[in-house]
Every structure is written in C-alpha cells, then in structure tokens.
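Per our numbering: the sequence shown = residues 12 to 360.
Read through the structure below, which is laid out as structure tokens, and then see the notes.
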Amino acid sequence: MLVYDDLTPQRVLDALDAVGLHGDGRILQLNSYENRVFQVFLEDGRVVVAKFYRPGRWSDSQILEEHAFALELAEAEVPVVPPLELGSGTPQEPAAPPPQLLGQPPTLAQAGSHRYSAALRCAGREPELDQPGVLQRLGAFIGRLHAVGRRQPFAHRHRLVPAADGRRAIDLLLHGGFVPAEQTGAWQRAAEDALGALTSAWAGAEASTPLATLRLHGDCHIGNILWREQASDAAAGLGTSGDHVVDLDDAMQGPAVQDLWMLASGDAEAQHRRLDALLEGYETHSPFDWRERTLIEPLRTLRMLRHSAWLAERWADPTFPIHFPFFGSAAYWSQQTAQLREQLELMHG
Numbered sequence: 012m013l014v015y016d017d018l019t020p021q022r023v024l025d026a027l028d029a030v031g032l033h034g035d036g037r038i039l040q041l042n043s044y045e046n047r048v049f050q051v052f053l054e055d056g057r058v059v060v061a062k063f064y065r066p067g068r069w070s071d072s073q074i075l076e077e078h079a080f081a082l083e084l085a086e087a088e089v090p091v092v093p094p095l096e097l098g099s100g101t102p103q104e105p106a107a108p109p110p111q112l113l114g115q116p117p118t119l120a121q122a123g124s125h126r127y128s129a130a131l132r133c134a135g136r137e138p139e140l141d142q143p144g145v146l147q148r149l150g151a152f153i154g155r156l157h158a159v160g161r162r163q164p165f166a167h168r169h170r171l172v173p174a175a176d177g178r179r180a181i182d183l184l185l186h187g188g189f190v191p192a193e194q195t196g197a198w199q200r201a202a203e204d205a206l207g208a209l210t211s212a213w214a215g216a217e218a219s220t221p222l223a224t225l226r227l228h229g230d231c232h233i234g235n236i237l238w239r240e241q242a243s244d245a246a247a248g249l250g251t252s253g254d255h256v257v258d259l260d261d262a263m264q265g266p267a268v269q270d271l272w273m274l275a276s277g278d279a280e281a282q283h284r285r286l287d288a289l290l291e292g293y294e295t296h297s298p299f300d301w302r303e304r305t306l307i308e309p310l311r312t313l314r315m316l317r318h319s320a321w322l323a324e325r326w327a328d329p330t331f332p333i334h335f336p337f338f339g340s341a342a343y344w345s346q347q348t349a350q351l352r353e354q355l356e357l358m359h360g
C-alpha cells in the first residue's frame with residue numbers, strides 16, 4: 012500500500028475529531044509534495060490546516076522540536092502560526108500518542124500509521140519584492156526570527172553541512188541509477204567540481220573562525236511567506252498581528268544567510284541590491300556576519316544538487332512522476348550539467 016492510500020477525507024475528519032477538532036464536513040486538500048495537508052472547516056466556525064507527515068521523513072523528536080521552535084517564536088510575538096494544542100475528542104482506533112518534549116503541550120497525534128498536527132488557517136499572498144520597503148520589512152522579520160533562533164541550538168533537526176549534504180546527494184543520484192548512461196560522465200564531473208568549489212568556498216569563509224549557526228526556517232523563499240498588509244509598524248517589520256507566516260517543515264541548524272539568499276534573486280547587481288535591503292532590516296534585530304555574503308552561490312549550488320536528490324528519493328511516490336515528468340530525461344540532466352558549470356564560474360569569479 013502506498014503511504015497515503017488510506018488517508019481518505021473521512022479518516023482525516025475522524026483523526027481531527029479524536030483530538031477535539033470537530034469538522035463540519037467541509038474539507039479541501041491543499042498542495043503539498045512532502046506531506047498531505049488539508050483545510051478543514053470546524054463546527055465552531057474556525058478553519059484549521061491539518062498536516063499529515065510523510066512516514067519516515069522526520070522522527071517524532073524532529074517534528075516536536077520544530078513545533079517547540081514555532082511555539083517559542085509565537086511566544087516572542089514573531090508572527091508565525093504555531094501548532095495547536097491537541098485535546099481529546101471522539102475515541103477512534105487506539106494508537107499510542109507520540110512522546111512530547113518536556114513541558115511542551117501535545118501538538119502531535121497519531122491515527123493508525125499517520126502522525127499529524129493542526130494549526131489555524133492564516134491567509135496571505137506572496138510578497139512583491141520590488142515594492143518599496145518590502146525587502147527591508149522581510150529582513151526585519153527574519154532578523155526577529157533569528158534572534159529567537161540564536162537562543163539555543165536544535166538537538167534533533169538537520170544540521171547544514173555543505174560537504175556532507177552535497178556528497179550524499181551526488182552518491183544517491185549515481186548509485187540509484189537516476190542519471191542516464193549517456194549523461195553520467197558529464198554530469199558527474201560537473202557535480203564533483205561544483206561540490207569541490209562550494210566546499211572550498213565554505214572553508215575560505217571559515218578560514219579565521221567557524222561561522223555561527225542558529226535555528227533557521229531553512230527554506231525561506233517567497234512561496235513560504237504569506238504577506239499581509241498592515242498599516243502600523245510596516246517599515247520596521249513589527250507586525251505582531253501576523254504580517255508574515257512561514258512553514259517550518261524544513262527547519263534546520265545553519266548559518267543565517269541560508270534564510271536570506273533565496274530572497275536575493277536576479278543577476279549579480281540585483282542580488283547585491285536586494286541583499287543590502289534585506290540586511291538593512293535584518294540588522295535592526297539580529298547581527299549578521301558579512302563573511303556569509305560569499306556563500307550565496309555555494310548555497311545555490313548545494314540546493315540544485317539536493318533538489319535532484321529529493322526528486323530521486325520521492326520517485327516511487329506516484330505523484331512525483333506526474334508533477335515532475337522531466338526528471339530522469341536526458342534533457343533534464345544536460346540542463347543540470349550546464350547549470351552546474353555556470354555555478355562553477357560564479358563561485359570561481
């Protein structure tokens with residue numbers, strides 16, 4: 012049986028009913044590749060978003076540590092949507108609840124083989140990065156998030172280690188036979204050279220002292236930010252009523268620039284201009300080590316390698332061939348080889 016085959020709408024409603032979230036029958040599946048996510052309307056008028064986690068991706072400890080971070084951010088009035096405390100409701104099939112972190116309210120439940128959590132729905136749209144003040148406001152938001160993230164490290168979440176992460180991605184793709192034979196040599200040479208260059212860039216940045224790491228969002232691109240206009244404190248990024256909402260499913264331990272570089276897109280000039288604007292807001296709330304500016308292209312290269320490896324890891328899920336039909340084609344790997352070579356030039360430049 013495939014991992015989500017038995018996750019019918021009725022099972023979703025029953026699972027939520029079991030933790031005191033009583034649906035009125037209206038349910039909508041939302042877009043998500045990793046997990047299964049549903050918008051559910053409740054009898055009391057609230058609307059919640061229920062997330063059913065992909066089996067085997069995260070351990071209970073990793074999920075709960077993410078939840079604890081979100082709750083800590085909310086307590087500090089950083090505008091994220093934390094998981095709801097799950098109570099008791101209509102009994103259903105018995106299942107031992109996952110262990111909770113000491114002192115943390117129950118935020119993770121289990122129905123059969125499915126672990127799940129819920130949060131209140133929060134609406135918004137993608138920010139328009141070229142609008143005046145938007146990047147400064149986003150930078151201030153991320154700075155506030157990082158100020159909390161620096162308080163203590165993650166114990167269980169992924170730790171960003173570029174050399175190890177890149178090596179794992181390359182080995183998975185080669186050993187799994189995902190690269191067509193006619194493309195293997197060229198792609199492998201480009202990938203190995205790119206891994207060497209990004210590893211060298213990282214070592215160069217840390218030549219004097221290691222870079223500080225902190226708890227991060229981990230996947231901070233505009234698709235993971237919900238923008239809500241607020242009249243007050245907009246320029247300072249102080250929107251305590253919920254200007255920005257992020258999904259912490261990829262939360263990790265790493266350097267601050269990991270949460271900034273994806274918002275500094277465009278050519279070299281545009282990247283510098285956007286990063287300057289982000290840091291203008293960021294440094295009002297959190298310090299930034301300017302050595303990390305040299306890591307943008309290495310991180311972009313690492314993301315390219317890891318994205319291909321992610322597709323390979325999920326290829327047995329029937330939704331992935333449907334949504335990514337190009338993966339595995341000669342054209343895809345030829346394009347990847349060309350892009351890795353472009354990244355090499357950028358990292359050497």
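Ideal Cβ placement from N, Cα and C applies to all residues, glycine included.
Source: prediction; values computed, not measured.
Query - Assigned secondary structure, Asp35 (DSSP; H/G/I helix, E/B strand, else coil) - result: Under the three-state reduction of DSSP, Asp35 is assigned to strand.
Query - Range of the contiguous alpha helix (DSSP H) that encloses Gly123 - result: Taken as a continuous stretch (DSSP letters only), Gly123 belongs to no alpha helix (DSSP H), as it is neither H nor E.
Report task. Report the residue from Gly154, Phe63, Gly215 whose alpha carbon sits nearest the alpha carbon of Val268. Result -> Selection Gly154, Phe63, Gly215 evaluated against Val268 yields Gly154 as nearest (Cα-Cα).
Requested in this report: Sort Arg47, Gly56, Asn42, Tyr44 by Cα distance to Gly363 and report the nearest one.
Outcome: No statement about residue 363 is possible, as the shown extent of the chain runs from 12 to 360 and does not include it.
Query raised in the report: DSSP state of Gly265, grouped into three classes?
Result: Strand, per DSSP.
Requested in this report: Mark Trp301 as exposed unless 16 or more other C-beta atoms lie within 10 angstroms of its C-beta, in which case mark it buried.
Outcome: Note on Trp301: under 16 other CB atoms within 10 angstroms of its CB, so exposed under the neighbour-count rule.
Report task. Indicate whether Ala61 and Ala129 have their beta-carbon atoms separated by less than 9 Å. Result -> In contact: Ala61 and Ala129 (Cβ atoms closer than 9 Å).
Report task. Have a look at Gln50 and Phe63 and give me their C-alpha separation to the nearest angstrom. Result -> Looking at the backbone, the Cα of Gln50 and that of Phe63 are separated by about 12 Å.
Requested in this report: Report the three-state DSSP secondary structure of Ser211 (helix, strand or coil).
Outcome: For Ser211, the secondary structure class from DSSP, reduced to helix, strand or coil, is helix.
Query raised in the report: CB-CB under 7 Å to Trp198, same chain, minus the five flanking residues each way: which ones, in chain order?
Result: Within the same chain, and ignoring the five residues on either side of Trp198 in sequence, the residues whose Cβ sits closer than 7 Å to its Cβ are Val190, Trp344, Gln347, Thr348.
Query raised in the report: Should the stretch 153-169 be called in touch with the stretch 262-278, which here means at least 3 C-beta pairs below 8 Å?
Result: The stretch 153-169 is in contact with the stretch 262-278.
Query - Spatially closest choice to Ser297 from Trp326, His169, Arg314, Arg161, by CA coordinates - result: The candidate whose alpha carbon is nearest that of Ser297 is Arg161.
Query raised in the report: DSSP three-state call for Phe338: helix, strand or coil?
Result: Shown here, Phe338 sits in coil according to DSSP, grouped into three states, outside any helix or strand.
Requested in this report: Would you list, in sequence order, the uninterrupted alpha helix (DSSP H) runs of no fewer than 4 residues that lie entirely inside the stretch 304-354?
Outcome: With a minimum length of 4 residues, the continuous alpha helix (DSSP H) runs that stay inside the stretch 304-354 are 307-324, 330-334.
Query raised in the report: DSSP beta-bridge partners for Arg132?
Result: Answer is none; Arg132 lacks a bridge partner.
Query raised in the report: Ends of the beta strand (DSSP E) at Ile233?
Result: Per DSSP, Ile233 is not a residue of any beta strand (DSSP E), being assigned neither H nor E.
**Report entry** Simplified DSSP assignment, three categories, for Arg57
**Finding:** Arg57: coil per DSSP, three-state reduction.
Query raised in the report: Can we say the stretch 196-210 touches the stretch 326-333, given the rule of at least three CB pairs closer than 8 Å?
Result: Between the stretch 196-210 and the stretch 326-333 there are fewer than three C-beta pairs closer than 8 Å, too few to call the two in contact.
Query raised in the report: Between which two residues does the beta strand (DSSP E) containing Arg239 stretch?
Result: Note, Arg239: premise wrong, no beta strand (DSSP E); not H, not E.
**Report entry** Cα-Cα separation between Ala202 and Gly177, rounded to whole angstroms
**Finding:** Roughly 9 Å separates the two Cα atoms.
Query raised in the report: If you draw a straight line from the C-alpha of Asn42 to the C-alpha of Glu96, how long is it?
Result: Cα to Cα, Asn42 sits roughly 24 Å from Glu96.
Query raised in the report: Roughly how far, in whole angstroms, is the beta-carbon of Arg317 from the beta-carbon of Ala218, given that I think they are within contact range, below 8 Å?
Result: Not really, about 25 Å apart at Cβ, beyond 8 Å.
Report task. Please report the Cβ distance between Leu149 and Leu274, rounded to the nearest whole angstrom; I am assuming they are in contact, meaning their Cβ atoms lie under 8 Å. Result -> Leu149 to Leu274, Cβ: 6 Å. Contact.
Report task. Would you mind reading off the limits of the beta strand (DSSP E) that contains Leu227? Result -> Counted as a single uninterrupted DSSP element, the beta strand (DSSP E) harbouring Leu227 occupies residues 225-227.
**Report entry** Three-state class that DSSP yields for Gln163 in the structure shown
**Finding:** Residue state, collapsed to three classes: coil.
Requested in this report: For Glu104, name the three-state secondary structure that DSSP assigns.
Outcome: Because Glu104 sits at a pLDDT of 44, beneath the cut-off of 50, its placement in the model cannot be relied upon, and the following sentence gives the value as read from the coordinates. Assigned with DSSP and collapsed to three states, Glu104 falls in coil, not helix or strand.
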